[in-house]
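**Q**
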Amino acid sequence: MTRAEIEAKVDKLATQVRRDYLDRNPVLICVLKGSFVFTADLVRRLDFPLEIEFVQLSSYGKGTESSGKIKVEKYLRYPIEGRDVLVTEDIVDTGITIAFLLDYLRREKPASLKLCALVDKPSRRQVQVAIDYLGFTVPDKFLVGYGLDCDENFRYLPDICVLEEQP
Ligand code: IMP
Ligand code: MG
């Protein structure tokens with residue numbers, strides 16, 4: 506996806522989010538690290554009151570495979586009970602990470618909890634995840650750029666590119 510295609514898609518997502526969350530003072534939860542570029546671009550297209558929180562998760566696994574064991578590295582600093590919460594994620598792959606986070610957040614009793622994901626790779630799904638706002642659906646290729654990394658490299662690239670040679 507080129508930067509122009511990403512821009513157009515983020516515009517579209519922002520329009521949908523604005524329509525649904527205007528006057529609700531939502532909490533957007535950015536899932537670090539991959540989602541920081543996407544979330545930053547999304548919130549700059551929103552022109553109503555909202556709060557931004559960050560969580561960071563890590564999964565123990567080999568290489569690009571998720572093991573299913575997730576560790577919460579960084580968590581919310583403020584309660585989200587009774588709030589309208591929108592999680593912003595870079596990519597949903599097996600779904601294990603985001604399903605874990607959504608279950609975790611649900612225990613905090615938010616008024617509502619929805620997911621906005623820039624990229625979906627449905628062919629690799631192991632856990633069912635409902636994506637309420639979705640940018641792109643892609644085949645099973647490893648992607649880098651626009652926040653997405655391979656071993657912490659390539660996050661700075663403005664386009665989303667297929668990594669041809671996996672390490
Ligand atoms: P899941 O638990 O398998 O859904 O993994 C989700 C996480 O793995 C995402 O939040 C990304 O951080 C990372 N991930 C999955 N696919 C890719 C990819 O193609 N490129 C970069 N990171 C990815
Ligand atoms: Mg991520």
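Take the position in the sequence shown, starting the count at 1, then add 505; the result is the number in this note's numbering.
C-beta atoms are modelled at their ideal positions from N, C-alpha and C, and glycine is treated no differently.
Which residue comes first and which comes last in the beta strand (DSSP E) that contains Tyr651?
**A** Taken as a continuous stretch (DSSP letters only), Tyr651 belongs to no beta strand (DSSP E), as it is neither H nor E.
**Q** So if DSSP puts Val560 in a beta bridge, which residue, or which two residues, is it bridged to?
**A** Bridge partners of Val560: Val536.
**Q** For the alpha helix (DSSP H) containing Thr602, name the first residue and the last one.
**A** From DSSP, the alpha helix (DSSP H) with Thr602 extends over 601-611.
**Q** Leaving aside the five residues before and after Lys614 along the sequence, list all residues of the same chain whose C-beta is less than 6 Å from its C-beta, in chain order.
**A** Counting only Cβ-Cβ distances below 6 Å, and skipping sequence neighbours, we find Glu586.
**Q** By Cβ distance, which residues of its chain are closer than 8 Å to Asp664, with the 5 residues on each side in sequence left out?
**A** So the list reads Met506, Thr507, Arg508, Ile511, Gly650, Tyr651, once near-sequence residues are dropped.
**Q** Do you know whose CA, among Leu648, Lys517, Ser628, Asp598, lies nearest Ser564's CA?
**A** Here the closest residue by C-alpha is Asp598.
**Q** Are the beta-carbon atoms of Gln561 and Leu537 separated by less than 8 Å?
**A** Yes.
**Q** Where do the N-terminal and C-terminal ends of the beta strand (DSSP E) with Ala622 fall, by residue?
**A** 617-625 is the extent of the beta strand (DSSP E) around Ala622.
**Q** Below 8 Å, can you find three or more Cβ-Cβ pairs linking the segment 573-583 to the segment 538-551?
**A** The segment 573-583 vs the segment 538-551: no contact.
**Q** Who pairs with Ile596 in a beta bridge, going by DSSP?
**A** Answer is Val624, bridged to Ile596.
**Q** Give me the residue from Phe647, Arg582, Gly573, Gln633 with the minimum Cα distance to Asp595.
**A** Minimum Cα distance to Asp595 is reached at Phe647.
**Q** Going by CA-CA distance only, name the one from Cys655, Arg660, Tyr661 that's closest to Glu669.
**A** Here the closest residue by C-alpha is Cys655.
**Q** Check Lys576 in the structure and name its three-state DSSP category.
**A** Three-state DSSP puts Lys576 in a strand.
**Q** Tell me, which residues are paired with Phe641 by DSSP?
**A** Paired residue(s): Val624.
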